[in-house]
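Reviewing the structure listed below.
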Amino acid sequence: MLRFGLVGVVGFVVDAAVLTLGIMLGSGPWLGRVLSYVAAASTTFALNRIWTFRRTTRVRPVLQWALFLAVNLVGFAFNYGTYALLIAFVPVVAAHPVLGVAAGSLAGMVGNFVLSRRFVFQQGGRGGPSHP
Numbered sequence: 001m002l003r004f005g006l007v008g009v010v011g012f013v014v015d016a017a018v019l020t021l022g023i024m025l026g027s028g029p030w031l032g033r034v035l036s037y038v039a040a041a042s043t044t045f046a047l048n049r050i051w052t053f054r055r056t057t058r059v060r061p062v063l064q065w066a067l068f069l070a071v072n073l074v075g076f077a078f079n080y081g082t083y084a085l086l087i088a089f090v091p092v093v094a095a096h097p098v099l100g101v102a103a104g105s106l107a108g109m110v111g112n113f114v115l116s117r118r119f120v121f122q123q124g125g126r127g128g129p130s131h132p
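Counting in full-length UniProt numbering, the sequence shown runs from 1 upward without gaps.
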């Protein structure tokens with residue numbers, strides 16, 4: 001879980017940076033957040049595949065990435081839902097969307113870990129992350 005959390009921090013940085021850039025380029029906080037989430041999810045998939053969950057099945061990376069995104073739709077629902085509610089109803093978050101990204105990331109992290117470990121990286125609850 002520690003490695004997954006550290007990868008999540010990197011994902012948060014990517015998420016916040018892409019959102020900030022998207023807003024600066026005119027995408028707005030709603031579409032910008034969708035784009036930033038996909039960028040962050042792709043980054044965390046790659047890092048989790050090579051570092052957190054090294055012992056995985058021999059699924060092709062593109063298929064595993066697609067499965068990762070599909071399985072993590074549950075986490076995305078909590079993540080984006082939290083972000084959207086905060087943007088809509090909390091003025092300080094509307095003024096500083098990165099705060100909503102942080103809250104959303106925390107809301108989706110635990111579910112993403114459990115689902116990723118069990119279904120994407122094929123550890124089914126029996127094994128933990130690989131050791132260096």
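No residue lacks a Cβ here, since even glycine has one placed at the ideal position from N, Cα and C. Given the structure is predicted, the values throughout are model-derived calculations rather than measurements.
Membership of Ile23 in the alpha helix (DSSP H) is indicated by the continuous run 2 to 24. Judged by beta-carbon spacing, Ala40 lies within the 8 Å limit of Val14, meaning their Cβ atoms are closer than that value. For the pair Gly104 and Gly81, the Cα-to-Cα distance works out to about 7 Å. Residue environment for Leu19: buried (at least 16 other C-beta atoms within 10 angstroms of its C-beta).
Proximity to Thr52 across Val10, Gly108, His96 peaks at Val10, based on C-alpha coordinates.
In the DSSP assignment, Gln64 falls within the unbroken alpha helix (DSSP H) covering 61 to 71. Contact between Val120 and Leu67 is confirmed by a C-beta separation of about 5 Å, below the 8 Å threshold.
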